[in-house]
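Q: FYI, in the working numbering the residues of the sequence shown are 262 to 460.
Glycine residues also receive a C-beta, built at the ideal position from the N, C-alpha and C atoms.
If you scroll down you'll find the structure; I have some questions about it.
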Amino acid sequence: MKGTVERVRHLSIRKIIITQIMFLLLWTVVTNAWEYSRFLGAESGSWGNHLYNLTSRILWAAPAIMLLQAYKKEIPTPLIRLCTNKPDIKPFIISVIVIIIYNFGGMLIYHRGLWINPEFDVPKLLLMFISVAVVEELVYRGWGLNAFSKLQSVRKANIVSSLFFVLLHLPAYFIKLIFTGTFPLAAVAVQCVMVFILA
């Protein structure tokens, strides 16, 4: 009895770019910027709202897992190693410091001192931060950067995947423009720069 021959898939820049565009379009559809959770009866900030946000992120990131599995023999770092690699602590510490400075700087500018949102809810925020970090890393580093670096230098792959990561943050603003007629250009510019640097 002849053994089965596993199909080998070959990566190309074109294929990777198409997947990145598809991730962008999928997020534009499922993002809660459309206020889907309100149609389901969940108020902003409620557990129902956070549950939809979590579900939409899992739905959005699921194709990345399938791509990592499909191209496991092509990509430099397969899925199992992505989950077991020890992080490089230096970039992590630098990123945390930049985020802290950015947030405290914003407080000083807008509130003239330390300000804590009275609606601050630790469990909900932890769920949001962890879920956002996991799915975005999975899509843009786990798949995007990983796949691009197979065919490009790591530096160029990082720049290209970071640009797609920046684009991911734009649909919510355009959806807000549709709903409210406002487009916070300065906020968009600052966020794009910060996202590109931190990505």
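Tell me which same chain residues have a C-beta within less than 7 Å of the C-beta of Met262, skipping the five on either side of it?
A: For Met262, the predicted structure reports a pLDDT of 45, less than 50, and the residue's modelled location is therefore unreliable. The matter cannot be settled from this model.
Q: Near Leu343, which residues of its chain fall below 6 Å by C-beta distance, leaving aside the five closest residues on each side in sequence?
A: Hits under 6 Å: Gly403.
Q: Just to confirm my understanding: we take Lys417, look at its own chain, exclude 5 residues before and 5 after, and list those with CB closer than 8 Å. What are they?
A: Once the five neighbours on either side are set aside, the close Cβ partners of Lys417 are Phe409.
Q: Can you tell me the Cα-Cα spacing of Met389 and Tyr434, whole angstroms?
A: Straight-line Cα distance between these residues: approximately 19 Å.
Q: Quick one: using the 10 Å Cβ neighbour count with 16 as the cut-off for buried, is Ser255 buried or exposed?
A: With the chain represented from 262 up to 460, any question about residue 255 goes unanswered, as that position is not in the structure.
Q: Under a three-way DSSP split, which group does Phe444 fall into?
A: Phe444 falls in the coil class under three-state DSSP.
Q: Here's a check: name, in chain order, each residue in its chain whose Cβ is nearer than 7 Å to the Cβ of Tyr313, leaving out the five neighbours to either side.
A: Result list for Tyr313: Asn293, Tyr297, Ser298, Leu301 and Ala303, in chain order.
Q: Can a CB atom of chain B be found closer than 8 Å to the CB of Phe435?
A: No chain B is part of this structure, which consists of one protein chain only.
Q: Consult DSSP for Glu380 and reduce its assignment to one of helix, strand or coil.
A: Glu380: coil per DSSP, three-state reduction.
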